[in-house]
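I have placed the structure first, in the form of structure tokens, so that the comments after it can refer back to it.
Numbering (the UniProt record's numbering), first residue to last: 1 to 398.
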């Protein structure tokens, strides 16, 4: 089962599947500029989990083997404020810190126009470089048009219309306007294909641990919401953990001399496990329009109650995401419930925000995001339809 979970990781995969068209366009853009030693800019958009960053990093790994170039990757969520980004970029590209009263903007321009080799600059979450009059973003998109510039700029963000909506001046400057590429959400067929591809090596070696019907069910449910591949892989991984827990329980009973009903054969992940994870973690986020309103899933109740408990015992009206996750984990441990990990926890808080139960103020780091409650205790009892759980948690604490 550990091998299965490793195959279903959400980090950069060994190979890309179902993104051939997008990979082709990015490769053509990069190789075209590298061969001519020309400058250019590309803006890649797409919802979370659509493979934007993974595809780009894969291509860059291949490209750098064939072309001499400097590569600089920066996640703009890690920059404290827009004003410091030029200093950060200068240090990343040159390996030297700007000292004294040197102008960061002029220093960057000199660096880009005097470089002998091409510079590939990838700015992930580029929309985080929000500033007054958007001067920081305008300046960055102007860099490839400087005389003798060697910059190949690639910006990545979720918004499809970022350059039109936030940077309207680019429309009047055709030279500064970047090439656009959108990553559409994964379809049901694509999600199933990616999961099957991840498990292929294991299946080729005789390990068939996930039923085909379970893969199709997961693909159908996740594609109906957002086509988020990370979410689909998370669901599959948690389903594996459920089966692991069931088998451990059987082994404990067997050791005690009880008949657990298990036969010791490796159990496959089926539709039941996938369905349970989806309903527990994502709840109404994956229901179809013709379904009746469902009660709030247990994991969502526990997260909300954890927040209520923290606000009741403290003076602040909002708490950091990291602290909330710690409280939630303690609450789960006390009630012998398997907690979700931090990445899923953040997605769950976003879902609760969309349902109007929580407020979420995003930060550069997810764990520092501020979470607040939109309802009082009485309203929460009605929303969660679980007065007993709320009162028990508030009385017993953690």
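We put the CB at the ideal spot given by N, CA and C, even for glycine. Note that this is a predicted model, so its numbers are computed, not measured.
{"Item": "Would you please state the rounded distance, in angstroms, between the beta carbons of residue 181 and residue 31? I believe it to be under 8 Å.", "Value": "With a Cβ gap of about 15 Å, residue 181 and residue 31 do not count as contacting."}
{"Item": "I want to know whether the stretch 45-60 touches the stretch 108-117 - three or more CB-CB distances under 8 Å.", "Value": "no"}
{"Item": "Are the beta-carbon atoms of residue 33 and residue 152 separated by less than 7 Å?", "Value": "yes"}
{"Item": "Using a Cβ-Cβ cut-off of 7 Å (strictly less than) and excluding sequence neighbours within five positions of residue 339, which residues of its own chain qualify?", "Value": "328, 329, 332"}
{"Item": "Report the residue from 142, 197, 39, 214 whose alpha carbon sits nearest the alpha carbon of residue 9.", "Value": "197"}
{"Item": "Starting from residue 69, follow its DSSP beta bridges and name the residues at the other end.", "Value": "118"}
{"Item": "What residue range does the beta strand (DSSP E) around residue 157 cover?", "Value": "151-157"}
{"Item": "From the beta carbon of residue 390, is the nearest beta carbon of chain B less than 7 Å away?", "Value": "Given the protein chain composition of this structure (a single chain), no chain B is represented."}
{"Item": "Should residue 289 go down as buried or exposed, given a rule of 16 or more other Cβ atoms within 10 Å for buried?", "Value": "Confidence in residue 289 is poor, its pLDDT being 37 and thus under 50, which makes the residue's placement unreliable; the coordinate value appears in the next sentence. With fewer than 16 other Cβ atoms within 10 Å, it is exposed."}
{"Item": "Go ahead and pull the three-state DSSP assignment for residue 129.", "Value": "coil"}
{"Item": "Write down the C-beta distance between residue 368 and residue 303 rounded to the nearest angstrom, noting that I regard them as a contact closer than 8 Å.", "Value": "Between residue 303 and residue 368 the Cβ distance is about 17 Å, and since that is not below 8 Å, they are no contact."}
{"Item": "How long is the line joining the alpha carbons of residue 176 and residue 203, rounded to whole angstroms?", "Value": "49 Å"}
{"Item": "Taking C-beta to C-beta, are residue 271 and residue 205 nearer than 7 Å?", "Value": "no"}
{"Item": "Could you give the residue range of the alpha helix (DSSP H) that holds residue 388?", "Value": "387-396"}
{"Item": "Assuming residue 253 and residue 300 are in contact, meaning their beta carbons sit under 8 Å apart, how far apart are those beta carbons, in whole angstroms?", "Value": "That pair is no contact at about 31 Å."}
{"Item": "Can you tell me which of the three DSSP states residue 63 falls into?", "Value": "helix"}
{"Item": "My parser needs the alpha helix (DSSP H) runs of 4 or more residues fully inside the UniProt domain \"Cdc6 C-terminal\" (304-384); what are they?", "Value": "321-334, 342-354, 377-384"}
{"Item": "Give the secondary structure of residue 38 by DSSP, where H, G and I count as helix, E and B as strand, and everything else as coil.", "Value": "coil"}
{"Item": "Return the bridge partner residues of residue 124 from the DSSP annotation.", "Value": "75, 156"}
{"Item": "Taking the straight line between their C-alpha atoms, what separation do you get for residue 189 and residue 219?", "Value": "7 Å"}
{"Item": "Only counting the same chain, and skipping five residues up and downstream in sequence, which positions put a Cβ closer than 7 Å to that of residue 55?", "Value": "16, 19, 22, 23, 26"}
{"Item": "Spell out the partners DSSP gives residue 45 in its beta bridges.", "Value": "157, 182"}
{"Item": "Put residue 207 into one of helix, strand or coil per three-state DSSP.", "Value": "coil"}
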